[in-house]
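So the number in this note's numbering is just where the residue sits in the sequence shown, counting from 1, plus 421.
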Amino acid sequence: MDTCTAQDQQAITDSQSDATTARKRANDALLTSVSRQQETLQSDAQALASVQRAASGATGQMQAIQSANQLASAQTNQLLQIRSLLIAQQNALATNAQVEADRDAQKFAADRKPLSGRNSQSADRQW
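This is the structure:
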């Protein structure tokens, strides 16, 4: 009869521990990203308001072009920050999906063992 050895059990425990650690790191990275975004949100809003004031008060073609360039730069910065958040979110989702896939594989392997027994027909009995 095949059973899990102590090494097999330790490998499963190690795998579960690694999965928990990976999930925590991915979630920590996501929360750090969100925290950074919240910290910079106020200063970004103030900078954007300043650029918008300068754009509305621009006198002449050169000032208008400079203001437009500053607005475009601010938008580009915001897009990069959004991309950063999306990447952190995707990493967290991918880590969670991998942990779930590993867990499903462990469950499948655990279920196969008891269900793979060999049955033999009992001798006929006359009661």
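Ideal Cβ placement from N, Cα and C applies to all residues, glycine included.
- Closest by C-alpha distance to Q491, out of S505, S471, L500 and G481, is S471.
- For D465, the enclosing alpha helix (DSSP H) has its first and last residue at A427 to S477.
- CA-to-CA, the gap between R504 and L469 works out to about 19 angstroms.
- N517 and T442 have their C-alpha atoms roughly 11 angstroms apart.
- Collapsing the DSSP output to three states places R546 in coil.
- Residue environment analysis places S541 among the exposed positions, since fewer than 16 neighbouring C-beta atoms fall within 10 angstroms of its C-beta.
- Assignment of T516 by DSSP, reduced to helix, strand and coil, places it in the helix class.
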